[in-house]
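Under our numbering, the first residue of the sequence shown carries the number 121, and numbering increases by one thereafter.
Cβ atoms here follow ideal geometry from the backbone N, Cα and C, with glycine treated the same way.
Written out below as structure tokens is the structure these notes cover.
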Amino acid sequence: MYYLVFSIVCSVAVSILLKISKNKNISINQAVAINYPVAAIWAFVLFKPNFADNFNILLSEWQIILPLAFLLPGVFIIMGECVIRAGIAKSDAAQRLSLFLPILSAFLIFGETLSSGKFSAVILAIISLMALVYKPQNETDGKGAIWALTGVWLGYGIIDILFKQLSKNATMTATNLCTLFILSAIVLFTYLIIRRTKWTAASIFGGIILGCLNFGNIYFYFRAHQAYNNNPTLIFAAMNLGVISLGTIMGTAFFKEKINVINIIGIVLAIMSIVCLFYTM
């Protein structure tokens with residue numbers, strides 16, 4: 121179970137690093153760019169991808185891999201802005217609620233039938249998201265937080281849909297993952313070069329840490345599924361609940377984030393929706 125704990129800690133630590141980036145003079149764009157080659161190196165060392173044997177698969181799935189190469193860094197940057205504007209607690213909850221978007225797409229687009237349990241979970245998730253983005257009219261902090269939270273939910277939801285499609289069409293192998301890291305790095309580095317970005321030591325160092333934490337989240341989550349391969353839904357539920365809970369604790373206790381009663385209800389409903397989904401999987 122310690123693999124799962126490490127994965128949860130790494131995930132929330134990513135949000136914490138994004139939260140403090142402004143005070144530490146870390147450019148989110150630069151840090152996210154550095155993060156990808158660092159993650160790619162870790163993936164290459166620990167997963168040992170075989171590019172030669174999987175090259176044809178990669179070519180056949182370019183229509184999924186290419187959009188992901190743009191979405192991964194783009195949504196990561198939106199997540200960074202969201203953490204700064206809306207806080208860790210609400211950002212982590214919005215990110216985890218994105219898992220319901222593939223369920224909604226399966227129902228609305230592909231005509232799949234929703235069970236009563238999944239339908240209840242989706243309704244709870246939608247209400248939860250509405251509660252998370254609620255802000256009283258007299259509250260001036262976190263300008264743009266609503267759009268950032270919506271962007272995180274929608275962005276990670278689309279990424280999840282594409283990942284699921286990639287898994288169906290081929291296999292979500294180490295080669296796919298490493299390739300996505302490399303392509304994402306190329307996309308973001310190209311953008312920063314065009315913008316003539318002036319790199320800073322703080323951003324580079326922050327990016328190295330970010331890459332280690334980002335990959336650590338993926339690696340330990342993968343190992344947790346290996347350790348409990350007979351009960352993957354338990355790992356799925358525990359991971360999402362753990363991130364929301366720890367993110368809320370860190371955001372409110374250590375960063376004194378402002379969360380109103382409606383937002384708290386939203387976080388509680390997010391937890392309830394995941395529990396509800398767990399019992400229908």
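Problem set entry | Residue from V388, T400, L252 and I184 with nearest C-alpha to D280 | Looking at the Cα atoms, I184 is the closest of the given residues.
For this session: Starting from G168, trace the alpha helix (DSSP H) both ways and give me its first and last residue.
Result: Sequence inspection shows Lys at residue 168; the Gly mentioned does not correspond to that position. Membership of K168 in any alpha helix (DSSP H) is not indicated, and neither H nor E is assigned to it by DSSP.
Exercise. Residues in its own chain within less than 6 Å of L333 by CB, not counting five upstream and five downstream?
Worked result: The beta carbon of L333 sits closer than 6 Å to the beta carbons of C130, A133 and V134 from its chain, once the five residues preceding and following it are set aside; these are given in chain order.
Exercise. Are the CB atoms of A390 and I364 nearer to each other than 8 Å?
Worked result: In this structure, the beta-carbon distance from A390 to I364 falls below 8 Å.
Exercise. Based on Cα-Cα distance, which residue from F309, I177 and E232 lies nearest to S287?
Worked result: When only C-alpha atoms are compared, the closest one is I177.
Problem set entry | Whole-Å CB distance - G200 paired with V152, under 8 Å assumed | Going by Cβ atoms, the distance from G200 to V152 rounds to 7 Å, so yes, they are a contact pair.
Problem set entry | Span separating the alpha-carbon of I379 from that of P169 | Pairing I379 with P169, the inter-Cα distance amounts to about 43 Å.
For this session: Pick helix, strand or coil for F375, following the three-state DSSP scheme.
Result: In the structure shown, F375 sits in coil (DSSP, three-state: anything other than H, G, I, E or B).
For this session: Taking I208 and K139 to be in contact with their CB atoms under 8 Å, please state how far apart those CB atoms are, rounded to whole angstroms.
Result: Indeed they touch by this definition, with Cβ atoms about 6 Å apart.
Exercise. How many angstroms separate the CA atom of Y348 from the CA atom of R315?
Worked result: For Y348 and R315, the gap between their C-alpha atoms comes out near 46 Å.
For this session: State the start and end residues of the unbroken alpha helix (DSSP H) segment that holds N337.
Result: Per DSSP, N337 belongs to the alpha helix (DSSP H) from A321 to A347.
Problem set entry | Reference V307; option with closest CA among I154, V395 and Y122 | The shortest C-alpha separation from V307 is found at I154.
Exercise. Which residue's Cα is closest to the Cα of G237: Y122, W162, I223 and I148?
Worked result: If you compare the alpha carbons of Y122, W162, I223 and I148 with that of G237, the shortest gap goes to I223.
For this session: Specify the secondary structure class of G386 as computed by DSSP and reduced to three states.
Result: If DSSP states are grouped into helix, strand and coil, G386 belongs with the helices.
Exercise. Taking the C-alpha atoms as reference points, what is the distance between S211 and V272?
Worked result: Rounded to the nearest whole angstrom, the CA to CA distance from S211 to V272 is 7 Å.
Exercise. Thinking C-beta only, is A322 closer than 8 Å to K144?
Worked result: In this structure, A322 lies closer than 8 Å to K144 by Cβ.
For this session: Using three-state DSSP, classify G231 as helix, strand or coil.
Result: It is coil, neither helix nor strand.
Problem set entry | Cut-off 6 Å between Cβ atoms - residues of its own chain near G386, not counting five sequence neighbours on either side | Result list for G386: S248, A251 and L252, in chain order.
For this session: Grab the span of the alpha helix (DSSP H) containing T299 for me, first residue to last.
Result: If you look at T299, you'll find it in the alpha helix (DSSP H) that goes A294 to I314.
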